[in-house]
Amino acid sequence: MPGLENIFLSIKQSAELIAKDTDVAIKSLKEEKECKQNDKVWVVYWLDEV
Numbered sequence: 034m035p036g037l038e039n040i041f042l043s044i045k046q047s048a049e050l051i052a053k054d055t056d057v058a059i060k061s062l063k064e065e066k067e068c069k070q071n072d073k074v075w076v077v078y079w080l081d082e083v
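Each residue of the sequence shown is one higher than the last, beginning at 34 in this note's numbering.
Shown next, in the form of structure tokens:
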């Protein structure tokens with residue numbers, strides 16, 4: 034069934050995108066924790082994002 038293969042591919046792509054987003058979220062959480070230890074770094078980081 035050719036339709037089934039397409040469904041599987043889109044599920045795989047979705048899973049990869051979710052994994053990528055999760056990685057980004059984890060990284061930014063780690064950066065935020067590190068920045069809270071040093072307020073000056075946090076401000077620089079925030080200005081950089083804006």
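Where is the CB? At the ideal position from N, CA and C, for every residue including glycine.
Roughly how many angstroms separate the alpha carbons of residue i and residue j, rounded to a whole number?
i: residue 44; j: residue 54; result: 15 Å
i: residue 60; j: residue 42; result: 27 Å
i: residue 49; j: residue 38; result: 17 Å
i: residue 40; j: residue 46; result: 10 Å
i: residue 62; j: residue 52; result: 15 Å
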